[in-house]
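S.K.: Here full-length UniProt numbering is used: the sequence shown runs in plain steps of one and ends on residue 239. I have a structure I would like to understand better, so I am pasting it below and will then ask my questions one at a time.
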Amino acid sequence: MIDVAGILAENILYIAMVTLGGMLISWSVHFVPVGGAPAAMAQATGIGTGTVQLAAGAGLTGLVTAGAVMAVSDSLLLVVASGGVGAMIMIAVTMIVGTWVYVYGVGVPPASAKVDYDPITKDRQDIYVSQGTEGHGLPTVSYVSGVIGGALGGIGGSAIYFALMSTSTTLIQSDLVALASIFAVGIFFVNAVIPSYNIGGTIEGFHDPKFKKWPKAVLASFVATLMCAFVGIITIGGL
1 MIDVAGILAE NILYIAMVTL GGMLISWSVH FVPVGGAPAA MAQATGIGTG
51 TVQLAAGAGL TGLVTAGAVM AVSDSLLLVV ASGGVGAMIM IAVTMIVGTW
101 VYVYGVGVPP ASAKVDYDPI TKDRQDIYVS QGTEGHGLPT VSYVSGVIGG
151 ALGGIGGSAI YFALMSTSTT LIQSDLVALA SIFAVGIFFV NAVIPSYNIG
201 GTIEGFHDPK FKKWPKAVLA SFVATLMCAF VGIITIGGL
């Protein structure tokens with residue numbers, strides 16, 4: 001018989017860490033400039049793919065780097081930092097290559113339709129937006145916002161992985177790594193999907209009016225991740 005109450009009491013700190021990680025992931029998605037299909041045709045600002053794909057790509061890269069570091073160190077700060085840096089590199093490379101395609105392939109300048117001036121560089125935006133589009137490419141503010149989002153997502157994902165790996169269990173190391181990875185990836189996807197419904201289409205970054213809707217998604221992710229944390233900790237702790 002599994003002592004559910006005992007497992008939860010013994011690992012309460014890790015439950016909190018998983019929940020916090022999920023909330024960070026949900027918040028991070030709102031920073032990533034997602035343009036979807038319109039951006040793929042240079043008719044909207046952002047990267048030409050979906051919210052979940054971008055968030056998961058950055059987050060999973062963070063999980064890989066966090067897993068590699070955790071194999072040689074059990075320092076929470078090192079693991080979390082490596083996850084954040086890994087995700088930042090992935091999303092930064094994605095955005096810079098996308099910018100090259102838009103500028104040199106399609107032939108459009110990076111421009112935002114949400115603001116008249118870039119909040120960071122103060123460069124004029126509206127005069128460079130092509131008629132009939134909602135912007136195109138990745139202006140500086142969207143690029144910086146995406147890197148911030150990658151960092152938050154990587155930190156959240158690696159915190160979840162660290163918590164699951166640190167749960168008290170009798171599993172051998174290889175089985176624990178496999179199970180923790182499965183749960184970490186699953187929880188990441190849950191928290192990448194929730195903000196997608198909240199955003200409802202495209203978002204340019206923290207300067208986009210839709211960014212203000214993030215508290216609703218984070219609250220929903222708190223509830224969803226808390227339940228996932230209970231299931232994950234009980235499963236790993238009970239084996």
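Even for Gly, the Cβ is constructed at its ideal location relative to N, Cα and C.
Whose C-beta lies closer than 6 Å to the C-beta of ALA113 among residues of the same chain, with five residues either side of it excluded?
M.R.: Position 113 of the sequence shown, counted from the start, is the residue given in the question as residue 113. If we look at ALA113 and ignore the five residues flanking it on each side, its Cβ neighbours are VAL129, GLU134 and GLY135.
S.K.: Straight-line CA distance for PRO119 to HIS207?
M.R.: In the sequence shown, the residue the question calls residue 119 occupies position 119. In the sequence shown, the residue the question calls residue 207 occupies position 207. About 8 Å.
S.K.: Three or more beta-carbon pairs under 8 Å between the region 6–17 and the region 134–153, yes or no?
M.R.: Because the criterion of three Cβ pairs below 8 Å is not met, the region 6–17 and the region 134–153 do not touch.
S.K.: If I measure Cβ to Cβ from THR202 and keep anything under 8 Å in the same chain, skipping five residues before and after, which residues do I get?
M.R.: To locate residue 202, count along the sequence shown from 1; it is residue 202. So the qualifying residues of the chain are VAL34, GLY35, GLY36, PRO38, ALA39, ALA44, THR45, GLY46 and GLU134.
S.K.: Rounded to a whole number of angstroms, what is the C-alpha to C-alpha distance between VAL52 and GLY205?
M.R.: Mapped onto the sequence shown, residue 52 falls at position 52. Mapped onto the sequence shown, residue 205 falls at position 205. Taking the straight line from one Cα to the other gives about 15 Å.
S.K.: Can the beta-carbon of GLY21 be found less than 9 Å from the beta-carbon of MET88?
M.R.: In the sequence shown, counting from the first residue as 1, residue 21 sits at position 21. In the sequence shown, counting from the first residue as 1, residue 88 sits at position 88. No, these two residues do not count as a Cβ contact at 9 Å.
S.K.: Just the C-alpha distance for ILE233 and LEU164, rounded to the nearest angstrom, thanks.
M.R.: Locating residue 233 in the sequence shown gives position 233, where the first residue counts as 1. Locating residue 164 in the sequence shown gives position 164, where the first residue counts as 1. Their Cα atoms are separated by approximately 7 Å.
S.K.: Just the C-alpha distance for GLY149 and LEU54, rounded to the nearest angstrom, thanks.
M.R.: If you number the sequence shown from 1, residue 149 lands on position 149. If you number the sequence shown from 1, residue 54 lands on position 54. Rounded to the nearest angstrom, the two C-alpha atoms are 10 Å apart.
S.K.: If we ignore side chains and look at the alpha-carbon of each, how far apart do LYS212 and ASP3 end up?
M.R.: Indexing the sequence shown from 1 puts residue 212 at position 212. Indexing the sequence shown from 1 puts residue 3 at position 3. Each residue's Cα considered, the two are about 42 Å apart.
S.K.: Closest to LYS210 by CA distance: which of LEU8, THR19, VAL29 and VAL18 is it?
M.R.: One-based indexing of the sequence shown puts residue 210 at position 210. It is VAL29 whose Cα lies nearest to the Cα of LYS210.
S.K.: Within this structure, are the beta carbons of LEU24 and GLY107 separated by less than 9 Å?
M.R.: Taking the first residue of the sequence shown as 1, we reach residue 24 at position 24. Taking the first residue of the sequence shown as 1, we reach residue 107 at position 107. Against a cut-off of 9 Å, the Cβ pair of GLY107 and LEU24 comes out as no contact.
S.K.: Given VAL18, which residues of its chain have a CB within under 6 Å of its CB, disregarding the five upstream and five downstream residues?
M.R.: On the sequence shown, residue 18 is found 18 positions in, with the first residue counted as 1. These residues qualify, in order along the chain: ILE160, ALA163 and ALA229.
S.K.: Let's see if you can read the secondary structure: which residues bound the alpha helix (DSSP H) around VAL108?
M.R.: For the purposes of this step, residue 108 is identified with residue 108 of the sequence shown, where counting begins at 1. No alpha helix (DSSP H) contains VAL108, which DSSP labels as neither H nor E.
S.K.: Just the Cα atoms here: how many angstroms apart are GLY67 and ASP126?
M.R.: As a position in the sequence shown, residue 67 is number 67, starting the count at 1. As a position in the sequence shown, residue 126 is number 126, starting the count at 1. Their backbone Cα atoms lie some 44 Å apart in a straight line.
S.K.: Measure the C-alpha to C-alpha separation of THR167 and ILE236 and round it to an integer number of angstroms.
M.R.: The residue given as residue 167 occupies position 167 in the sequence shown. The residue given as residue 236 occupies position 236 in the sequence shown. Approximately 7 Å, taken between the alpha carbons.
S.K.: From ALA111, ASN191, VAL72 and SER158, pick the residue whose C-alpha is nearest to that of ALA224; which is it?
M.R.: Along the sequence shown, one-based indexing puts residue 224 at 224. Comparing Cα positions, the closest option is ASN191.
S.K.: When DSSP builds the beta bridges, which residues end up paired with GLU134?
M.R.: Residue 134 sits at position 134 when you count from the first residue of the sequence shown. ALA44.
S.K.: Give the secondary structure of ILE7 by DSSP, where H, G and I count as helix, E and B as strand, and everything else as coil.
M.R.: By one-based count along the sequence shown, residue 7 stands at place 7. Here ILE7 sits in helix by DSSP.
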